[in-house]
Amino acid sequence: MSNLVITIGRECGSGGRVIGNRLAEKLNIKCYDKELLTLAAKQSGLCKELFETHDEKPTNSFLYSLVMDTYSMGYTTSSFLDMPLNHKVFLAQFDTIKKLAEEESCVIVGRCADYALAEHPNMVSVFICGDKEAKIKRISDLYKMPRDKAKDTITKTDKKRASYYNYYSNKKWGDAASYDLCLNSTKLGVEGTVDLILEYLKIKDRTKKK
């Protein structure tokens, strides 16, 4: 039986990170969000600041096919050495995500993890959305910022996440067809969302055993 890996895509302000952490606690496994950047930096030998600078940011400066060809060849080829930094960062994260899935069961938040693990036999992809006003309030309260600034932050963050996901994957960010499960955290609350994901895992496991 392969490790269980739950990937979480999320709208800004939907509480995706909190939900991921709570889900991991209930399953007694680790949740990787920003921690993934540290791991990828350590494993690739690239500077951690590079991962923070390029984290989930869109790009259009390089052909996708060349990126994936280079990934298949490894990090020692001349094409990798000549590659723009944002693509080196993506490939290092891609590699780290795949290694994590091989080593342990875990929850991974964002960073195209569902695409990186598309061939993983025991991966469940979840997308968390939320109502507009609830998301604005969450970001406003969390970062102590005015409503207008919170609204602007959400718009810009989601635009970057969508561009990043749509560029590197063959799917569309936030589209129900791209995920196993899409949930509105405003309707369910954090605990309700976590409980529903857990229930989904139970049903999926029962179905698989039949």
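So in this note's numbering, spot 152 of the sequence shown is number 156, and the numbers just go up one at a time. Glycine included, C-beta positions come from ideal geometry on N, C-alpha and C.
Would you list the one or two residues that DSSP bridges to residue i?
i, result
"ARG14", "ILE132"
"LYS213", "Beta-bridge pairing links LYS213 to no other residue."
"VAL93", "Partner(s): none; VAL93 has no beta bridge."
The alpha helix (DSSP H) with residue i in it runs from where to where?
i, result
"LYS46", "39-48"
"LYS30", "20-31"
"LYS52", "52-58"
Taking residue i and residue j to be in contact with their CB atoms under 8 Å, please state how far apart those CB atoms are, rounded to whole angstroms.
i, j, result
"VAL9", "HIS91", "With 8 Å as the limit, VAL9 and HIS91 do not qualify as a contact, their Cβ atoms being about 24 Å apart."
"GLY13", "GLY134", "Actually they do not touch by this definition, with Cβ atoms about 13 Å apart."
"LYS30", "VAL198", "6 Å"
"TYR174", "SER109", "Reading off the sequence shown, one finds Asn at residue 174, where the question assumed Tyr. Not quite, the Cβ-Cβ distance comes to about 26 Å (not below 8 Å), so this is no contact."
"ALA28", "VAL111", "4 Å"
"VAL113", "GLY24", "5 Å"
"ILE158", "ILE143", "6 Å"
"LEU40", "ARG115", "6 Å"
"ASP118", "TYR183", "7 Å"
"LYS61", "TYR168", "6 Å"
"ALA138", "LEU121", "That belief does not hold up - the Cβ atoms of ALA138 and LEU121 are roughly 29 Å apart, past 8 Å."
Can you find a C-beta in chain D that's less than 9 Å from the C-beta of residue i?
i, result
"GLU60", "Within the model displayed, chain D is absent; a lone protein chain is all it includes."
Start and end of the beta strand (DSSP E) containing residue i?
i, result
"LYS34", "34-36"
Please determine whether the Cβ atom of residue i lies at a distance below 8 Å from any heavy atom of the ligand ADP.
i, result
"LYS46", "With respect to small molecules bound, the structure shown includes none, and the ligand ADP cannot be examined in it."
Worksheet item: For the region 128-197, which segments carrying the alpha helix (DSSP H) assignment without a break, of at least 4 residues, lie completely within its bounds, in sequence order?
Response: Counting only runs of 4 or more, we get 136-147, 151-172.
* Residue ranges of each alpha helix (DSSP H) run of no fewer than 4 residues wholly in the region 98-131, ordered along the chain? -> Positions of the alpha helix (DSSP H) runs, each at least 4 residues long and wholly inside the region 98-131, are given as 117-120 in order along the chain.
Check: Do the region 37-57 and the region 92-106 touch if we need at least three Cβ pairs shorter than 8 Å?
Finding: Touching, yes, given that three or more Cβ pairs across the two stretches are closer than 8 Å.
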